[in-house]
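Going by our numbering, the first residue of the sequence shown is number 4, and it counts up by one from there.
Note that the Cβ used here is the ideal one computed from N, Cα and C, for glycine as well.
Accompanying notes for the structure given below.
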Amino acid sequence: MELASKYDPKEVESKWYEYWLDNKLFSSKPDGREPYTVVIPPPNVTGVLHMGHMLNNTIQDILVRHARMEGKNACWVPGTDHASIATEAKVVARLAEQGIKKTDLTREQFLEHAWDWTREHGGIILKQLRRLGCSCDWDRTAFTMDETRSEGVIKVFVDLYNKGYIYRGVRMVNWDPQAQTALSDEEVVYKDEHSKLYYLKYYVAPEDQASVERRDEGNVMHRDGRGYYAVVATTRPETIMGDTAMCINPDDVKNTWLRGKHVVVPRVGRVIPVIEDSYVDVEFGTGCLKVTPAHDVNDHALGLKHGLQTIDIFNDNGTMAEAAGMYVGQDRMDVRRQIALDLEAEGLMERVEDYDNKVGFSERTNVPIEPKLSTQWFLKMRHFADIALAPVMDDDIEFYPKKYKNTYRHWLENIKDWCISRQLWWGHRIPAYYFKDAEGKNACVVAETADKALAEARRQNPALTADGLEQESDCLDTWFSSWLWPISVFDGVNHPDNEEIRYYYPTSDLVTGPDIIFFWVARMIMAGYEYRGTFPFKHVYFTGIVRDKLGRKMSKSLGNSPDPLQLIEKFGADGVRMGMMLSAPAGNDILFDESLCEQGRNFNNKIWNAFRLVQGWQTADAAQPEENRLAVAWFEAKLKEVNAQMDEQFKGYRISEALMTVYRLFWDEFSSWYLEIVKPEYGKPIDRLTYDATLRFFDDLLKMLHPFMPFITEELWQHILDRKPGESIMKATLQMGAPTEAELKLLADVEQVKQVVSGVRMVRNQKNIAPKEQLDLLAIGSNRFGAYGSVMTKMANLKTVETVAEKPADASAFMVGTDEFAVPVGDLIDVAAEIEKQEKELQHLEGFLAGIRKKLANENFVAHAPEAVVARERKKQSDSEEKIAALKESLAALKNK
């Protein structure tokens, strides 16, 4: 069947994706082959495809398709993450549009809305991945809150609780006032902020004013009409309502006069003690620190150490609570602005300075987090860090690039307990149940189901009924389900000895971003060793961040991120895939430009047109010309050489390099050299032996290209031969040995033969000789490439190739290595045009030389410029003088003709 004159991605892509699905070509079942397993980093269930997904999933698909063509049993498991905070926020926003508050609903009613949202939006991103060509086993699609995964999450929670790794307690946590939930340390993003440093007056308490005295030389004492006062620098004046102490460093001479005193919190009027602790940085501000134990993790530690009162002044939504005593109900940021004005008006502000600092923001909602004392559930992490560090450091699990090993090690060595509870309704509800024991005291049990919890609780209160149990209202952190992902997608938590988990686990490769190395990668490693006794994956390929051509991270807010589906519509999926991979070395950021996709589309067209060219040749049972025989032998060796290179590149996860290798093979070697050598004269047939070899080469090239460009390669592969129903290039293996010694010599020879041809073409260009003019090629002294005369004759359009003792006077010479060649051009040159060209070149060189001579005539330059610079200018002068002399000699000879 003839190909269309132009490649149409829309027609080809939809047709072949349906074919792959209809024939279950992505499906995997355990068998006797070596498994190759990849689990998708599950995108948020409410998400849509963005450029980061495009890059990540393109890389995964390349690896999966490559493994499938190696004969492995490739299994790529897709799925989505329930994304507690993000999804709940979207559901709350939609309810608000309908005039419904979350607080107006019961938990069950709210969850009905959340499930409606999930069913409506949950499959969008997975459908979009199909447009990209992703060869996932869609029948295996998992969801972190489906029945199997949910059962496994609860089972693991109970197990870890029973092992003593999970505990509940009051701790200082990162609080997200918008989502109104606790966050783990890893969910806080620190950003540079242009803030203010407020210097506030804390007057010595009236009863202590009379006893103020200078204790040491160097005391910095402040006094005005109201009495003595200390100055405290803070970036958060809105928290002074929670101050319960002032702290100084015992070694800070300038503040020793405050020892044993009490001060008054400005505006608030509360009298608080001055305590001493070496924690205080004497260089920050004035060396006096306000201590707010309820709203700063370090202040909290000081509070515990010194037995200070704790006053929680914020509501969960970031407004001022009744305990603040003022500004009640106002947002904390509004209070910051207002209290600064009020302090200034009351003479309690000494000064305000600009100040740059880092502020923690919620990774999910992008609002400043609020340190807050809260009762939460925690997972002890020391045990897990200990089992997960060595495998990465010892390369049992290999990172690409290696630099992320240090990042990983630093986090594990400085790990903190993981706050795993979230104050949300959408998610896995913590399986803890509260009740009154037989003595009427509060008690708690942890169990997989309410029935099991009741049975357990009855050991402490035999009269207890189901109505007496109250389940914990908090949900688990979303990452608590995704850290089990490589195990749970094969139901390995609930049924740890099932056939699939034994066959597919551990998985082979993980492709992910370095920004979730702590959230996800490290925790999956921990879970893998805890529940399977081995790593969850052998290799981790870290992608870079997709940035625009100016280096800015792509984002909706900047408006610099293209719509991936529109890119596919414009350039085709294969073009976009190639555009992404052309600039995507592991771990390095990608400077994305649409021109890369255009380059990908152009390459598609190049492949298409090359196939149409070959398809249009007529064949004949004729003898194979010598140049064709050489070309076939050479390209067969070239395929082996490049295939071996690509194997090494894939082993080293140098995927962009592998793409460039096959790109150059097709464009430069196959199209520009091989096809040009074997192409028959217009209107004449090609010998069948060469034609069959060309189709075979095309078949191999398509297989090498297929992982990168699945659609066009399937289309053309199906055209090479009549394939059976259900056959696909994705199941076709590529088996090539390494080049033999003879083939390696052939490859080296042809590279030099190509240089000879290029040399002849250079002479044509320099001397303005038309390509149709046949030339003679002279090998001076000897000709090592005589066996390739037929190739040189065709590719350089030669009449003869001869060996002569000396170069004729009218010949233009060039070197290939140590071999000299020449082309007699005397009768072929357009003398007038050549004289004009050389005179222009002479004029340019003489102007250039005049400039250099002027510079060297400047004594100041010669005396003061670095010796190397002066030497370089003298070299330019001598080179120019030699070129001018040669040009003048050439011009004289031309004018005498």
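Tell me the DSSP secondary structure of residue i in three-state form.
i: residue 814; result: strand
i: residue 894; result: helix
i: residue 121; result: helix
i: residue 250; result: strand
i: residue 146; result: strand
i: residue 534; result: helix
i: residue 227; result: strand
i: residue 638; result: helix
i: residue 24; result: helix
i: residue 690; result: strand
i: residue 47; result: strand
i: residue 37; result: coil
i: residue 827; result: strand
i: residue 76; result: strand
i: residue 796; result: helix
i: residue 286; result: coil
i: residue 375; result: strand
What's the gap between the Cα of residue i and the Cα of residue j?
i: residue 208; j: residue 265; result: 5 Å
i: residue 482; j: residue 152; result: 13 Å
i: residue 875; j: residue 414; result: 52 Å
i: residue 555; j: residue 328; result: 45 Å
i: residue 40; j: residue 678; result: 39 Å
i: residue 188; j: residue 383; result: 14 Å
i: residue 156; j: residue 182; result: 23 Å
i: residue 87; j: residue 98; result: 16 Å
i: residue 509; j: residue 541; result: 7 Å
i: residue 449; j: residue 143; result: 31 Å
i: residue 56; j: residue 296; result: 42 Å
i: residue 856; j: residue 826; result: 36 Å
i: residue 395; j: residue 416; result: 13 Å
i: residue 359; j: residue 293; result: 19 Å
Among all the DSSP beta bridges, which residues are the ones paired with residue i?
i: residue 474; result: 436
i: residue 363; result: 193
i: residue 779; result: 803
i: residue 185; result: 178
i: residue 291; result: 251
i: residue 447; result: 437
i: residue 529; result: Bridge partners of residue 529: none, in fact.
i: residue 556; result: 550
i: residue 352; result: 203
i: residue 621; result: In the DSSP output, where bridge partners are listed per residue, residue 621 has none listed.
i: residue 198; result: 358
Taking the beta carbon of residue i as the centre, do at least 16 other beta carbons fall within 10 Å, making it buried, or is it exposed?
i: residue 661; result: buried
i: residue 131; result: buried
i: residue 425; result: buried
i: residue 193; result: exposed
i: residue 685; result: exposed
i: residue 435; result: buried
i: residue 839; result: exposed
i: residue 122; result: exposed
i: residue 164; result: buried
Quick one: residues in its chain with C-beta nearer than 6 Å to the C-beta of residue i, no 5 flanking neighbours on either side, listed in chain order?
i: residue 729; result: 26
i: residue 595; result: 549
i: residue 592; result: 547, 548 and 550
i: residue 10; result: 607, 608 and 611
i: residue 390; result: 532
i: residue 124; result: 49
i: residue 154; result: 497
Please list, in chain order, all residues of the same chain as residue i whose beta carbon is under 7 Å from its beta carbon, the five residues on each side excluded.
i: residue 807; result: 781 and 783
i: residue 912; result: Outside the displayed range of the chain (4 to 900) lies residue 912, so it cannot be described from this structure.
i: residue 626; result: 690
i: residue 693; result: 627, 631, 635 and 681
i: residue 829; result: 813
i: residue 488; result: 42, 45 and 527
Could you check whether the Cβ of residue i sits closer than 8 Å to any heavy atom belonging to the ligand ZN?
i: residue 789; result: Absence of the ligand ZN is noted for the structure shown, with no ligands found whatsoever.
Given residue i, which residues of its chain have a CB within under 8 Å of its CB, disregarding the five upstream and five downstream residues?
i: residue 864; result: 858 and 873
i: residue 361; result: 193, 194, 195 and 196
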